[in-house]
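Protein chains: 2
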Amino acid sequence: MIYLDNAATTYPKPEAVYQAMDQCMREYNANPGRSGHKMALVSGRSIYNTRDLLCRLFHIDNPMQIIFTHNATDSLNLALKGLLKPGDHVVTTSMEHNSMMRPIMALEELGIENTVVQCDTTGSLNPKQIEAALRPNTKLIAMTHASNVVGTLMPIAEVGAIAKQSNVLLLVDAAQTAGIYPIDVQRMNIDLLAAPGHKGLMGPQGTGILYIREGITLKHMKEGGTGSKSEFLTQPEILPDRYESGTPNTPGIVGLGAGVAYILEEGIEKIRTHEEELTKYFLKELEKIEGIRIYGPKDHRKQAAVISINLGEEDSSEVSYVLDQVFDIAVRSGLHCAPMAHKTIGTFEQGTIRFSIGYFNTREDIDKAVDALTRIKEELEV
Amino acid sequence: MIYLDNAATTYPKPEAVYQAMDQCMREYNANPGRSGHKMALVSGRSIYNTRDLLCRLFHIDNPMQIIFTHNATDSLNLALKGLLKPGDHVVTTSMEHNSMMRPIMALEELGIENTVVQCDTTGSLNPKQIEAALRPNTKLIAMTHASNVVGTLMPIAEVGAIAKQSNVLLLVDAAQTAGIYPIDVQRMNIDLLAAPGHKGLMGPQGTGILYIREGITLKHMKEGGTGSKSEFLTQPEILPDRYESGTPNTPGIVGLGAGVAYILEEGIEKIRTHEEELTKYFLKELEKIEGIRIYGPKDHRKQAAVISINLGEEDSSEVSYVLDQVFDIAVRSGLHCAPMAHKTIGTFEQGTIRFSIGYFNTREDIDKAVDALTRIKEELEV
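Shown next, in the form of structure tokens:
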């Protein structure tokens, strides 16, 4: 199996991730932060360790400002619904995933206005358009760091500067970039950073994070046991407890920690360079297939390792099915939970075939994918 | 280490749980329900398999009525906030965990009324009091199946009959009973059933379930990618997608499935009988320690395998600390996230030392715990 679906979930994980999770489950996975016995304390410390590693990765000063969630969708819902109040205005882009777009649309019913800034047909955003969309009641700019459909990288630092200057907060969805592209929440003026644990951060599914800049208070979405201030029937104010109710996913968070430790050891530049080189090579080879449509920037410097294509007018699902069944190549077809992005690039009806490259892919994987597409194209023409 | 903190998280898990999770992570953990390739389909089927096993355990007809959540707190928040609207009234008990009590208190601010029915000093509930608390605007009875502080079993079947007769819905928190006590949602008239995966169900942390009876529609708490109806910017109506946004915790759900399969194979009677026998034995031996205070029903037929005690006026945390440090026995002290339950049994100031027994505990574990308590008591008297 050649796995080219890393934009959904990275696979495989570093060996250390498997081992850390299994060791947690077998040896010490009591309830962290509740009981005071040795095993519970080891569980608690292992969670703190992951917070600490994430701080190093994203240049966050205070580990308690990192909230562990169920996935990036959970993080984005908490950020958007916790922050925005009726009468507020939020600016977003036409390249967003449904995890951003659906909550923003649901908030319309509560009287929270939005402006969706249109990106060009490669998914690129002109930051000036963000600036132009700001209104006196704009509270938040909420946008992705890179498109999950075509990989287009967004000018987050520029938008961050605009946000800061305009006294507007910035929420970034780093689902396609965390662990691969440098993210410095301080330098980039990111106030809220959402990311899944199971993609570039190389952790398991069932984990997500939300960084909340100190001084920002969100409404909590859930109340429950926190192991702190148990005598009160109200949610405690301290972080992370305010936003982390109930037993956390300790083995998952431990696996995430092992993933982030691996990234810090390899170095983010090495990871990104590898993915960029494969993207560059893949794009070059794809161009040789006659009749292929390649979407997005078609430039490894302007896109994450996510490449969407179509073979002429062929149904994207059928081509993906053949890639899987005949060539044992795993990709994703369809709309990738981002309908507006497909409208933006012109593929709302057809969808796209998405190849997404991970750190463990090789040039040989790319060769096999190109070879398979070439053969499918030839078959179609017979 | 003698682990007697199973009411927080059961430990250890059946070997099959460790193996199933590791195999999932290493061999097939792509994104379920999104992509269509072989690995994604195996992931998707493995999640369905867990739904199916849970249906057998709880006598649920339609696996799609089971929602996977982050933990029982997440399940209870979804049930309470998804169901109750301003002007509604909810009836609960004084023995609830903060995962039930804090959301109910938070809902007060939205104009949702509540009545907290007082239990007696053993934590026991007279179901007639539930009936007496019903009002014309009562929408829901929301209560635990067994106290997490003293184990007191609640008369759920009787309350279910009252609820059905009164046309009121019943939400049950089965955190201390699922996987150990028989729960038949049809026979017991349970409309909404919340449970964590990591306690009696023997799965890992990071998993929880909410069963929603067919015909009940909750407001969704989160919107996001579901892999279904991706072309729409609104949340899909179909279950479980409506309530399951974002990538699920596949390895966790697979581990939960292995836990439930183990329970079904062992047989719930065998598990419960083992825990009852140890509880009976523990209670009998504890009575021999002079000056000990034992809370709750003190009857293994009336309580889950959760035993709360104090040694005279001694600080519960200090005794727990000595149990851990000197005797290598893991228990929990304090309020156990249930302040009203402690007010009910009279231990709000002192807290309690909680011993909670699991299926893998032995009579020898109990002997060592009793011996340790006896020696601590002797030390204290010197």
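First to last, the sequence lines map onto chains L and V.
Under the working numbering, the residues of the first sequence are numbered 1 to 382, in order.
Under the working numbering, the residues of the second sequence are numbered 1001 to 1382, in order.
Just so you know, even glycine gets a beta-carbon here, dropped at the ideal spot from N, CA and C.
- When 8 Å is used as the limit between beta carbons, E231 of chain L is near these residues of chain V: L1335, P1339, F1348, in chain order.
- CA-to-CA, the gap between P63 of chain L and I209 of chain L works out to about 12 Å.
- The shortest CA-to-CA distance from T144 of chain L to any of L:I156, L:N137, L:R135, L:L134 is the one to L:I156.
- Taking all protein chains in view, the Cβ of K199 of chain L is crowded by 16 or more other Cβ atoms within 10 Å, so the residue is classified as buried.
- Between L323 of chain L and I307 of chain L, the CB-CB gap reaches or exceeds 8 Å.
- For T50 of chain L, no beta strand (DSSP E) segment is defined; the enclosing uninterrupted segment is the alpha helix (DSSP H) at 38-58.
- One alpha carbon belongs to N1189 of chain V, the other to I263 of chain L, and they sit about 50 Å apart.
- Within the same chain, and ignoring the five residues on either side of N1098 of chain V in sequence, the residues whose Cβ sits closer than 8 Å to its Cβ are C1337, A1338, P1339.
- In this structure the stretch 1169-1187 of chain V does not touch the stretch 219-235 of chain L; the number of beta carbon pairs closer than 8 Å is below three.
- Taking 7 Å as the upper bound on Cβ-Cβ separation, chain V lies near residues Y18, M21, D22, M25, R26, N29, A30, N31 of the stretch 18-31 of chain L.
- Residue contact with chain L for M1001 of chain V: present (Cβ-Cβ distance below 8 Å to some residue of chain L).
- Under the Cβ distance rule, P1240 of chain V does not count among the residues neighbouring chain L, no pair being separated by less than 8 Å.
- Note on geometry: alpha-carbon atoms of T115 of chain L and K343 of chain L lie some 16 Å from one another.
- Counting along the chain, no beta strand (DSSP E) covers E285 of chain L; the unbroken alpha helix (DSSP H) around it starts and ends at 268-286.
- The beta-carbon distance between I141 of chain L and L170 of chain L, rounded to whole angstroms, is 5 Å. This is short enough to meet the 8 Å contact definition.
- As computed with DSSP, H1220 of chain V is found in no beta bridge at all.
- Uninterrupted beta strand (DSSP E) stretches at least 3 residues long and entirely within the stretch 1291-1347 of chain V occur at 1292-1294, 1306-1311, 1332-1334, given in chain order.
- Burial check for D1371 of chain V: the Cβ neighbour count within 10 Å stays below 16, so the residue is exposed.
- The beta carbon of Y1011 of chain V falls within 8 Å of a beta carbon belonging to chain L, placing the residue at that interface.
- For a Cβ distance threshold of 9 Å, residue set M1001, D1324, Q1325, D1328, A1330 of chain V lies close to K38 of chain L, ordered along the chain.
- In this structure S1094 of chain V touches Q1118 of chain V by the C-beta definition: roughly 5 Å separates them, less than 8 Å.
- By the Cβ-count criterion, I216 of chain L is exposed, with fewer than 16 other Cβ atoms from all chains shown falling within 10 Å of its own Cβ.
- Here Y3 of chain L is bridged, per DSSP, to L:A330.
- A Cβ-Cβ contact shorter than 8 Å links T1069 of chain V with L1078 of chain V.
- Scanning L:S356, L:I292, L:G296 for the CA closest to the CA of L380 of chain L turns up L:I292.
- Measuring C-alpha to C-alpha distances from T1121 of chain V to each of V:K1298, V:Q1165, V:A1133, V:N1029 identifies V:K1298 as the nearest.
- In the three-state reduction of the DSSP assignment, A1194 of chain V falls in the strand class, which pools E and B.
- Your pair G1151 of chain V and A1304 of chain V checks out as a contact, with CB atoms roughly 4 Å apart and the cut at 8 Å.
- The shortest C-alpha to C-alpha distance from P103 of chain L to any of V:T1247, V:P1127, V:T1226, V:K1222 is the one to V:K1222.
- When C-alpha distances from I1345 of chain V are compared across V:L1134, V:G1296, V:D1241, V:A1369, the shortest belongs to V:G1296.
- For R56 of chain L, no Cβ of chain V is located within less than 8 Å of the residue's own Cβ.
- Fully contained in the stretch 51-127 of chain L are the following beta strand (DSSP E) runs of length 3 or more, in chain order: 66-69, 89-93, 113-117.
- With its beta carbon less than 8 Å from one in chain V, S245 of chain L belongs to the interface.
- In the DSSP assignment, S245 of chain L falls outside any beta strand (DSSP E) and carries neither an H nor an E.
- Short of 8 Å from the beta carbon of G206 of chain L, and not among the five residues preceding or following it, lie these beta carbons of its own chain, in chain order: H70, N71, G197, H198, N249, G252.
- In chain order, A30, N31, R34, S35, A40, T247 make up the part of chain L whose C-beta sits under 9 Å from the C-beta of A1008 of chain V.
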